[in-house]
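Shown next, in structure tokens, is the structure this report addresses.
Protein chains: 2
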Amino acid sequence: MKEKEDIGKSESTEQKIKEAARKVFTSKGYAATRTRDIAEESGFNLALINYYFRSKEKLFEIIMLDNLQLFMGSIIGILDEPATSLEEKVDLLVTYYVDMLIVNPGIPVFILNLVNNNPEALKEKLDRASLVANSVFVKQFQDLMKKKGMNIHPLHLFMNIISLTVFPFAAAPLIKAKNGIDDEGYKQLMLERKKLIPVWIKTMMMV
Amino acid sequence: MKEKEDIGKSESTEQKIKEAARKVFTSKGYAATRTRDIAEESGFNLALINYYFRSKEKLFEIIMLDNLQLFMGSIIGILDEPATSLEEKVDLLVTYYVDMLIVNPGIPVFILNLVNNNPEALKEKLDRASLVANSVFVKQFQDLMKKKGMNIHPLHLFMNIISLTVFPFAAAPLIKAKNGIDDEGYKQLMLERKKLIPVWIKTMMMV
DNA sequence: ACTGATGTTAATCATTTGATTAAATCAATT
DNA sequence: AATTGATTTAATCAAATGATTAACATCAGT
């Protein structure tokens, strides 16, 4: 039969095209990438990308799901784990994002574009999990708030963690340019933040 | 090619086209907007946008400069003011951004795209001011650090303020969708943050 | 070697899209 | 009313772009 899902198959070409697509789509977004860009980046002919993937849109969908998984896939697992403390969860979140974004710096802007221009396309992709609202993470934070006699919306805590961690990657080119910092220097700043952000979060929200 | 720079001329139409362009460019970005979109949004014919502005690119440049001004124009003035204290500067920054972004929620993603896809186009626009590095703001923070016996890079302070303030606007559609919050509810959250962020910043960085 | 399936390419098509042109309309001035 | 210049439009062009086609190449199984 056909069976393309077999074993080694043509891993090579299809994978190379997908890699090229990932690179171009992630850095330039859907509208600005030409299928010819992907062809060139992959080193193959234009028609090949339509041979393996049916269309530009289909190929984009695949890359989009990959990137979504990268950006949101690990959150639920961390937030809903009963065995870790609130502080450990903060550490895990920040560590995951910093390490992942150092390797994939284009993800934040890609996701933000997606979210702002394709709100309906996202709905189906992420409505299955209530995520933050009913998580162990939120319960732990609410317990802490009660104990401390404070009253901060859990969403603020979550927003603060993600903001402090993700935004500096999204704005990296601007901050680097205006402060004359090179790639390596900026990476060091981000690694510094990996240690600092959990401390800051604890200081600011948990007294 | 006569004198179009004359007097009152047709304020109306030109301004309407610019408004339409601002709206479409800001929400969809350069590549995804068709000049026909702008024509439709403005209610005028396609050819009009080329009659008033020479080309799509020229028109975009104008909108881009407006948005850049909106996003960065007020920072220097705040950071370099000798008459305000460090804490007052934090208040002013957060207040400016929250109020401005409630009215212009599309600005952050627009700027982030610009910065990530047109790094060279930005260079000339913002190299004239060292901005953060030599500002009164940084000096005041360094004085504080010395007094407290601490040692945090001033860039972290600046990043933290902007991250906490701006990111929740960039990610708004995602956060709203996942938490079932409507526009008005989200606006209230942001107004809450306007008060909270300065408190948090002081707590986390100034002990 | 032959055959058929799979992989790859150059050439081409149809549509979209930024831009131009020429004509029509309008407003102010004579 | 006629003239003139500014504004606005419909029609069209040329280039870019996503997709298709048809021919060619490669290779596994016979």
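Residue numbers (my numbering), protein chains in the order written: chain P, 1 to 207; chain X, 1001 to 1207.
In this text, a Cβ means the ideal position worked out from N, Cα and C, and glycines have one as well.
Source: prediction; values computed, not measured.
| Asked | Found |
| --- | --- |
| Am I right that lysine 1194(X) and valine 1094(X) are in contact with their C-beta atoms under 8 Å? What's the rounded C-beta distance? | 6 Å |
| In this structure, how does DSSP classify valine 24(P) when only helix, strand and coil are distinguished? | helix |
| Looking at methionine 1205(X) and leucine 1157(X), is the spacing between their C-beta atoms short of 9 Å? | yes |
| For serine 163(P), go through chain X and note every residue whose CB falls closer than 7 Å to its CB, in chain order. | Ser1163, Leu1164, Phe1167, Pro1168 |
| Assign serine 1012(X) to one of two classes, buried (16 or more other C-beta atoms within 10 Å of its C-beta) or exposed (fewer than that). | exposed |
| Applying the criterion that 16 or more other CB atoms from any shown protein chain within 10 Å of the CB defines a buried residue, is arginine 1036(X) buried or exposed? | exposed |
| Kindly confirm or deny that the region 167 to 186 of chain P and the region 71 to 89 of chain P touch, where touching means at least three C-beta pairs closer than 8 Å. | no |
| Does threonine 35(P) come out as helix, strand or coil in the three-state DSSP assignment? | helix |
| With a threshold of 9 Å between beta-carbons, can serine 1027(X) be considered close to chain P, or not? | yes |
| Do three or more CB pairs link the region 1024 to 1032 of chain X to the region 1103 to 1120 of chain X at distances below 8 Å? | yes |
| Just mark asparagine 1160(X) as buried or exposed, buried being the case when its beta carbon has 16 or more other beta carbons within 10 Å. | buried |
| For chain X, check one thing: does any of its Cβ atoms lie closer than 9 Å to the Cβ of asparagine 160(P)? | yes |
| I need the DSSP call for asparagine 1050(X), collapsed to helix, strand or coil. | helix |
| Residues of the region 105 to 116 of chain P in Cβ contact with chain X at a cutoff of 7 Å, in chain order, please. | Val109, Leu112, Asn113, Val115, Asn116 |
| Just list the alpha helix (DSSP H) runs in the region 60 to 95 of chain P, keeping only unbroken ones of 4 residues or longer that don't cross its boundaries, in chain order. | 75 to 79 |
| Report back the beta-carbon spacing between phenylalanine 1167(X) and leucine 1101(X) to the nearest angstrom; my notes put them in contact at under 8 Å. | Actually they do not touch by this definition, with Cβ atoms about 11 Å apart. |
| For aspartate 182(P), report the span of its alpha helix (DSSP H) as first-last. | Premise fails: aspartate 182(P) is in no alpha helix (DSSP H) and is neither H nor E. |
| Quick one: which residues of the region 180 to 195 of chain P get their C-beta closer than 9 Å to a C-beta of chain X? List them in chain order. | Gly180, Ile181, Leu189, Glu192, Arg193 |
| On the three-state DSSP scale, how would you describe valine 132(P)? | coil |
| Quick one: does isoleucine 1175(X) have its CB under 9 Å from some CB of chain P? | yes |
| Name, please, each residue of chain X whose Cβ falls closer than 7 Å to the Cβ of methionine 204(P). | Trp1200, Thr1203, Met1204 |
| Chain P beta carbons: is any one of them nearer than 9 Å to that of valine 1090(X)? | no |
| The alpha helix (DSSP H) spanning proline 119(P) covers which residue range? | 119 to 126 |
| For proline 119(P) and alanine 21(P), what's the separation of their Cα atoms in angstroms? | 22 Å |
| So with Cβ pairs under 9 Å, would you call lysine 123(P) a contact of chain X? | yes |
| Shorter than 9 Å from the beta carbon of proline 119(P) to some beta carbon of chain X? | yes |
| Label isoleucine 17(P) either buried or exposed according to how many other C-beta atoms from any shown protein chain fall within 10 Å of its C-beta, with 16 as the threshold for buried. | buried |
| Use the C-beta contact count for asparagine 45(P): other C-beta atoms within 10 angstroms, 16 or more gives buried, fewer gives exposed. | exposed |
| Could you tell me which of Leu1122(X), Asp1143(X), Ser1055(X), Lys1187(X) sits nearest to aspartate 1099(X), measuring between CA atoms? | Lys1187(X) |
| Could you list which residues in chain P have their beta carbon closer than 9 Å to that of alanine 1031(X), in chain order? | Lys28, Gly29, Tyr30, Ala31, Ala32, Thr33 |
| Taking only the alpha-carbon atoms, compute the straight-line gap between lysine 2(P) and asparagine 67(P) and give it to the nearest angstrom. | At lysine 2(P), the pLDDT of 32 sits below 50, so the modelled position is not reliable; the number obtained from the coordinates is stated separately. Straight-line Cα distance between these residues: approximately 29 Å. |
| Roughly how many whole angstroms lie between the Cα atoms of methionine 145(P) and alanine 39(P)? | 54 Å |
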